[in-house]
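Just so we're aligned: 626 in the numbering used here is position 304 of the sequence shown, and the numbers increase by one with no gaps anywhere. Ideal placement from N, C-alpha and C gives every residue a C-beta, glycine not left out. Taking it in order: structure first as structure tokens, then the write-up.
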Amino acid sequence: MKRNLFLLILAATMLVVSCTPEVKIIKNPMIQASNTETIDITRVEITDSATYVNVEAYFHPHYWIRFVKETYLQVDGKKYVITAAEGCELDKEFWMPDSGRASFRFTFPPISKRAKTMDFIEGDCPDCFKLYGIDLTGELTFEDMQKPHPDIPKELLSINEQATMPKPIYDVDTTTITIHLLNYQKGIADELMLINNAIYGDQEQLFAKVDTESGTAKFEFMQYGTSKGWVSPTSTNRLLAELLIAPGDNIEIYYDLNNTGKKLVARREGKKHTAKAYVKSNLFQDYIAMYTSASDRVQPFGEQLSEIALNTHDGEFADYRWSADEYAKNVKAKYLTAIDKLNAIEGMLPFDKKWFKNEIDLEYFEAVLHSQFFLQHNYRSVHDNFDYSKDIDYKFAILTDEHKKDMFSVVEWDDIYELSLLSFVSMRELAHYLNAPQDSFVRHARDFGRYYLLASNNQLTEKEWNEIDALNNKFITKACKVRVAEIQAKLAEVQGKAKVETIPDVANDKLFDAIIAPHKGKVVVVDFWNTWCGPCREAHKAIARLKEGVLKDKDIVWIYIANESSPEVTYKTTIADIKGLHYRLNGEQWIAITTDKFNIDGIPSYVVVDKDGKYSLRNDLRDTNKMGKTLEEMINK
């Protein structure tokens with residue numbers, strides 16, 4: 323009996339094995355998460371001898387992408403490294419065709435046909451392509467992926483339809499922003515960036531490491547008044563959340579990384595997917611909830627709203643031949659028509675109408691204050707002349723103060739403008755024409771920007787403090803005092819850590835050779851950069867990884883050259899974390915090296931000096947992967 327049972331089980335097992343297909347094919351698999359929208363997995367074939375992955379690439383025509391030899395599949399914690407590639411050569415740049423699309427077929431060792439998911443990892447570098455949770459069962463659907471993540475607080479799934487626009491808060495306090503990356507996979511986003519569109523007229527960039535265990539990142543910083551901000555991964559710059567930031571707020575953001583996979587699948591299937599963050603704010607909860615979900619609610623009104631928008635930048639908004647009277651009359655008429663059409667829309671929530679009216683107002687403000695631009699823009703569009711390096715030989719109408727007053731007479735001042743206009747270049751002028759209250763911040767915004775910059779460089783003198791007192795604005799006074807204290811604390815913290823090298827006392831045309839002269843016999847990398855250069859900061863992070871990775875313990879001299887456009891305090895607090903020799907040049911010295919000697923086309927730029935002292939501009943090393951390999955080869959010679 324036992325023998326018969328054994329034979330029965332054996333026969334059943336053989337039947338299952340014999341019924342297992344020799345080739346398992348999964349077409350257009352669902353993808354849980356991705357750090358890119360450049361590539362998509364459209365087909366997976368699993369055989370007894372290999373695994374084949376079809377990749378579709380979408381990128382700018384005539385730009386290049388690359389797949390490295392270290393590309394691998396990850397299944398149940400095991401790596402399967404690529405063995406062959408069709409359509410491109412591994413480790414070589416592939417230049418995208420005119421269509422902006424390309425197809426590849428990659429071969430990997432065989433994986434289990436019973437595997438439920440796999441990851442496609444192009445390499446372990448932060449900006450390498452990474453696609454996680456590629457479904458191999460065929461059971462997961464796009465609809466399944468639309469369900470809200472269970473960790474999103476239930477109260478954030480609903481909105482208060484009675485919400486109103488908030489007033490800006492003018493104070494100084496510590497603000498905390500915590501980001502919860504749901505369905506987090508290690509390597510998909512190691513660091514997040516917060517861009518704070520600060521009210522002093524600049525964009526402040528803050529960075530926070532993602533805790534790989536919890537998938538969370540935390541920003542804690544001094545916030546000066548209310549501003550708008552954006553959160554994205556530093557490796558991709560993909561927008562995760564847009565929010566209103568106020569001093570003293572404690573904000574939590576929940577973002578499901580499945581949104582990234584949903585976007586790939588939606589594009590493939592011709593469907594629409596809008597990634598949405600859920601934001602919890604102590605101070606502006608209703609506003610943020612309404613704002614972040616506004617696009618979903620106004621979607622049914624899309625056709626009507628598209629007819630309302632002023633479309634100031636479409637090249638047809640103005641007629642370059644208009645006189646000043648015609649421009650003022652026609653643009654004002656367009657604005658009033660847009661507002662009338664907006665008010666006539668039925669079924670839209672009051673908040674959404676207010677929000678959209680504000681967008682129309684901002685377009686209108688720009689059209690009034692920058693009429694010359696829009697007249698020229700129309701001229702260039704009509705004549706297909708977009709060479710901005712050459713002036714246009716045509717006299718465009720110029721609006722008088724009376725024209726502007728007449729155009730602004732149809733707009734009433736609203737507190738919400740303070741939230742939207744804080745980074746507007748003509749805030750004081752706008753406050754004047756819209757009759758903003760005398761104690762309105764926008765009337766002092768430009769003054770504040772100037773004093774804040776001086777405070778940030780620890781340069782406020784008694785004269786400026788007297789001017790600040792004369793403004794009689796409690797917020798500006800407090801903000802400047804707090805900023806000075808903040809900067810002085812930062813300087814004390816880097817005291818002795820931020821060493822700036824003495825510039826050799828030679829003629830400017832001999833300065834570069836004098837800087838590198840002490841290091842003959844070694845490989846030297848000279849990095850031209852400045853603190854305000856975003857790509858420079860990103861490159862420094864990538865180079866730091868090289869220093870701790872393939873170039874660790876290599877005998878390389880790193881020289882960093884900036885100029886006085888990098889504010890001294892910002893410069894010193896930045897270089898404290900950059901290992902190398904640092905030089906800060908004046909304007910003439912900078913031009914002598916960067917323009918006269920090397921004719922560099924922008925920063926970051928790199929000059930590499932070999933062991934014999936010969937040097938050349940190597941901006942191909944902006945690709946830090948190539949930098950690592952090139953320097954390794956030079957060291958080993």
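With DSSP run on the structure shown, which of helix, strand or coil describes Ile-363?
strand
Name the one or two DSSP bridge partners that Val-403 has.
Tyr-394
Measure the alpha-carbon distance for Leu-332 versus Arg-436 and round it to whole angstroms.
Because the pLDDT of Leu-332 is 49, which lies under 50, any placement of that residue in the model is unreliable, and the number read from its coordinates should be weighed accordingly. Each residue's alpha carbon lies about 20 Å from the other.
Beta-carbon gap between Ile-575 and Ile-510 smaller than 8 Å:
no
Leu-565 and Phe-541 look like a contact to me (Cβ under 8 Å); what is the Cβ gap, rounded to whole Å?
Actually they are not in contact, since the Cβ atoms of Leu-565 and Phe-541 sit about 11 Å apart, beyond 8 Å.
Could you check how far apart the C-beta atoms of Ile-347 and Leu-453 are, in whole angstroms? I think they sit under 8 Å.
Wrong, their Cβ atoms sit about 18 Å apart, outside the cutoff.
Kindly list the residues whose CB is nearer than 7 Å to the CB of Lys-594, restricted to its own chain and excluding five residues on each side of it in sequence; keep chain order.
Ala-588
Report back the beta-carbon spacing between Ala-372 and Pro-448 to the nearest angstrom; my notes put them in contact at under 8 Å.
Not confirmed; about 29 Å, so no contact.
Work out the CA separation of Gly-547 and Leu-907 for me, nearest whole Å.
34 Å
State the Cα-Cα distance for the pair Val-338 and Thr-463, rounded to the nearest angstrom.
Unreliable positioning characterises Val-338 in this predicted model, as indicated by a pLDDT of 48, which lies under 50. The coordinate reading is nonetheless provided below. Spanning the two alpha carbons is a distance of roughly 27 Å.
Three-state class that DSSP yields for Ser-340 in the structure shown
The predicted position of Ser-340 is uncertain, since its pLDDT is 44 and thus under 50; a value taken from the coordinates is nonetheless stated next. Here Ser-340 sits in helix by DSSP.
Kindly indicate which residue of Arg-867, Lys-933, Arg-940 and Glu-910 has the alpha-carbon position closest to the one of Ile-922.
Arg-940
For Met-440, which three-state DSSP category applies?
strand
Since Ser-693 is in the alpha helix (DSSP H), which residue starts that stretch and which ends it?
693–705
Can you tell me whether DSSP reads Asn-947 as helix, strand or coil?
helix
Which one of Glu-886, Lys-675 and Asn-572 has the shortest CA to CA distance from Val-822?
Glu-886
Rounded to a whole number of angstroms, what is the C-alpha to C-alpha distance between Glu-648 and Val-764?
30 Å
Rounded straight-line distance, which links the Cα of Ala-406 to that of Tyr-374
10 Å
Determine the closest residue to Glu-444 out of Ser-434, Phe-428 and Thr-459, with distance taken between C-alpha atoms.
Phe-428
Which two residues bound the contiguous alpha helix (DSSP H) that contains Leu-793?
784–793
Quick one: grab the DSSP three-state call for Thr-799.
helix
Simplified DSSP state of Gln-781, which is helix, strand or coil:
coil
Roughly how many whole angstroms lie between the Cα atoms of Asp-849 and Glu-688?
39 Å
At which residue ranges does the stretch 819–871 contain complete alpha helix (DSSP H) runs of 4 or more residues, listed in the order of the chain?
833–838 and 856–870
In whole angstroms, give me the CA-to-CA distance for His-704 and Asp-636.
Looking at the sequence itself, residue 704 is Val, so the reference to His does not match. Going by the C-alpha atoms only, they are around 11 Å apart.
In this structure, how does DSSP classify Gly-592 when only helix, strand and coil are distinguished?
coil
Taking buried to mean at least 16 other C-beta atoms within 10 Å of its own C-beta, is Thr-335 buried or exposed?
Here Thr-335 scores only 49 on pLDDT, less than 50, and its place in the model should not be relied on; the value that follows carries that caveat. It counts as exposed.
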